[in-house]
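Q:
Number of protein chains: 2
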Amino acid sequence: MHRTKVKVVEEALDANNTIAQANRADFDRFSVRVVNFMSAPGAGKTTLLERVLPQLDGVRVGVLEGDVQGSMDADRLASLHVPVTQLNTDAGFGGECHLDANMVRSALPELPLDEIDLLVIENVGNLVCPAEFKVGEDTRVMACSVTEGEDKPLKYPLMFRTCELVLINKIDLLPHLDFDVDKLLYNLDAVHPGVERLLVSARTGEGIDEWREWLAGVAGRVEARA
Amino acid sequence: MHRTKVKVVEEALDANNTIAQANRADFDRFSVRVVNFMSAPGAGKTTLLERVLPQLDGVRVGVLEGDVQGSMDADRLASLHVPVTQLNTDAGFGGECHLDANMVRSALPELPLDEIDLLVIENVGNLVCPAEFKVGEDTRVMACSVTEGEDKPLKYPLMFRTCELVLINKIDLLPHLDFDVDKLLYNLDAVHPGVERLLVSARTGEGIDEWREWLAGVAGRVEARA
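Taken in order, these protein sequences are the chains called Y and S. Quick note on this note's numbering: the first sequence kicks off at 881 and runs consecutively. Quick note on this note's numbering: the second sequence kicks off at 881 and runs consecutively.
1. Pull up the distance between the alpha-carbon of residue 974 of chain Y and that of residue 963 of chain S, whole angstroms please.
2. Whose CA, out of Y:1067, Y:1074, Y:1078, lies closest to the CA of residue 1050 of chain Y?
3. Between the Cα of residue 1095 of chain S and those of S:910, S:934, S:899, spot the shortest distance and give me the residue it belongs to.
4. In the DSSP assignment, what residue or residues form a beta bridge with residue 1048 of chain Y?
5. Quick test of the definition: if touching needs 3 or more C-beta pairs under 8 Å, does the region 934-949 of chain Y touch the region 1026-1041 of chain Y?
6. Taking CB distances under 8 Å as the criterion, tell me whether residue 1031 of chain Y reaches chain S.
7. If we cut at 8 Å on Cβ distances, does residue 1050 of chain Y have a partner in chain S?
8. Of all the CB atoms in chain Y, is at least one closer than 8 Å to the CB of residue 921 of chain S?
9. To the nearest angstrom, report how far apart residue 1003 of chain S and residue 1011 of chain Y are at their CA atoms.
10. By the criterion of Cβ-Cβ separation under 9 Å, what are the contact partners of residue 950 of chain S in chain Y?
11. In three-state DSSP terms, what is residue 913 of chain Y?
12. Closer than 8 Å, CB to CB, is residue 967 of chain Y near chain S or not?
13. For residue 1015 of chain Y and residue 1001 of chain Y, which I take to be in contact (beta-carbon distance under 8 Å), what is that distance rounded to the nearest angstrom?
14. Following the continuous beta strand (DSSP E) through residue 947 of chain Y, name the residue where it begins and the one where it ends.
15. What does DSSP give as the partner residue(s) for residue 1155 of chain Y in the beta ladder?
16. What does the Cβ neighbour count give for residue 994 of chain Y, buried or exposed, with the cut at 16 atoms within 10 Å?
17. When the Cα atoms are used, what is the spatial distance from residue 1068 of chain Y to residue 1047 of chain Y?
18. Would you tell me roughly how many angstroms separate the C-alpha atoms of residue 986 of chain Y and residue 1037 of chain S, rounded to the nearest one?
19. Please name the residue in Y:1006, Y:976, Y:967, Y:978 whose C-alpha comes closest to that of residue 990 of chain Y.
20. Buried or exposed for residue 1008 of chain Y, going by 16 or more other Cβ atoms inside 10 Å?
21. In angstroms with no decimal places, state the Cα-to-Cα distance between residue 959 of chain Y and residue 932 of chain Y.
22. Could you tell me the alpha carbon to alpha carbon distance between residue 954 of chain Y and residue 1066 of chain S, rounded to whole angstroms?
23. Please name the residue, chosen from Y:1099, Y:1086, Y:1042, Y:914, that lies closest to residue 988 of chain Y on a Cα-to-Cα basis.
24. Just the Cα atoms here: how many angstroms apart are residue 923 of chain Y and residue 980 of chain S?
25. Just confirm the distance between the C-beta atoms of residue 921 of chain Y and residue 1082 of chain S, as a whole number of angstroms; I'd bet it's less than 8 Å.
26. Just to confirm, does residue 989 of chain S get its C-beta within under 7 Å of one of the non-hydrogen atoms of the ligand NAD?
27. Quick one: give me the first and last residue of the beta strand (DSSP E) that residue 969 of chain Y is part of.
28. Run through DSSP, which three-state label would residue 1092 of chain Y get?
29. In chain Y, which residues lie with their C-beta within 7 Å of the C-beta of residue 1028 of chain S?
30. With 8 Å set as the bound, which would you pick, yes or no: does the beta-carbon of residue 1025 of chain S sit closer than that to a beta-carbon of chain Y?
31. Is there a C-beta anywhere in chain S that falls below 8 Å from the one on residue 1003 of chain Y?
32. Can the beta-carbon of residue 1080 of chain Y be found closer than 8 Å to that of residue 998 of chain Y?
33. Alpha carbon to alpha carbon, what distance is there between residue 918 of chain Y and residue 894 of chain S?
34. For residue 1006 of chain Y, return the contacting residues in chain S, with the cut-off set at a CB-CB distance below 8 Å.
35. Verify whether the separation of the beta carbon atoms of residue 896 of chain Y and residue 977 of chain S is less than 8 Å.
36. What residue range is occupied by the uninterrupted alpha helix (DSSP H) comprising residue 1037 of chain S?
Okay, structure coming up:
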């Protein structure tokens, strides 16, 4: 039974990868670079986007907002005059806990690909399944909040391992927490040695310039692709 | 295709419910009451258990610790001389994001059911799928942290709707956050009107006596069951 399950899962992921490649080919056709942005619920993804999207000089950005249901985050971002498309996962049984390539594909006709250089896909808040499903992205970013504890890289290694940038958010709260940043970084390096990381506070603005520059840099990537 | 998926999901949940009932019958045979304890990653479940498990006067408690991988939380709780059984979900493709009835069933032979009155199942940190799978519990508790934002009940309604108690944790941080407790409670009542809630701080101890009494009360439940 277990081996059957593994086989079914592998086939599902193969199918997902095929669709993710089709998504990426479509993004490439429009020269749109794509960021898959992930975190636990409440780590601050939307606020981190609010802080930088209006100031991405010269980069035309759009957002695909993934949620189980509702459009609260999309409404927040739309108020910044950024084109936002809502993608809800609530069909089925109370809502899928992640975006997959097929869901993103279903949203492609709604995306203004000919008017943007960069698409940020804000995934469903979850540290497990979003990491398992490629959606056609160029790169992955995750946010983890210092309020979540230093052990998260060890407990959710796939998420931390598949990201190119880790935003360590809410550092303004450090004086009020029993949290050891060095311990978090040690655990992070244990699962993803040397991964780029930024200490940021969406509240005070610390590290936000660096985050904006990093994100703008994704849009500037012109490497040839296989 | 969508209808086929819904049908497959419904059948899977039916199968899960059947196994959950078998689990519950086994728990009943040993007069063990069971709490399914859920939250987002880093909301403080393990710390909230550390604060109360050693002082549950007269109640013999055990813990089933669910994690994608590792046993860090189990190790923390075992140091309190509470019997802890680790249940990892990492078989398959990077780890299931929730416990289901079959996983819990597989752990039953490891549980000292004849030596405990109360079993706390600490689920995988995730606000989506854990709410969808009964595991044989009598009741569900969830923890949400004030650092996660006031919108979480609206974004993850199934989780908040299926719990009998909501622990609103980390209230010691309120002076340092832009967080409106009344707004959270308003959103909570919108998805689960009148659900019992406790404002707690695992750090300062505020509300912890009430949490301990609530948990001890579960073990005292002697109502007949269908």
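Here a beta-carbon is modelled for each residue, glycine too, at the ideal position from N, C-alpha and C.
A: Walking through what the data contain:
1. With a pLDDT of 49 at residue 974 of chain Y, under the threshold of 50, the predicted position of this residue should be treated as unreliable, and no value is reported.
2. Y:1078
3. S:934
4. Y:1024, Y:1079
5. no
6. yes
7. yes
8. yes
9. 19 Å
10. 1031, 1034, 1035, 1037
11. strand
12. no
13. 6 Å
14. 941-947
15. Outside the modelled stretch of chain Y, which goes from 881 to 1106, sits residue 1155 of chain Y, for which no answer is possible.
16. exposed
17. 12 Å
18. 24 Å
19. Y:967
20. buried
21. 14 Å
22. 21 Å
23. Y:914
24. 26 Å
25. Wrong, their Cβ atoms sit about 19 Å apart, outside the cutoff.
26. Questions concerning the ligand NAD fall outside what the structure shown contains, since it holds no ligand whatsoever.
27. It is not in any beta strand (DSSP E) - residue 969 of chain Y carries neither H nor E in the DSSP assignment.
28. helix
29. 921, 922
30. yes
31. no
32. no
33. 31 Å
34. 977, 1006, 1007, 1008
35. no
36. 1037-1041
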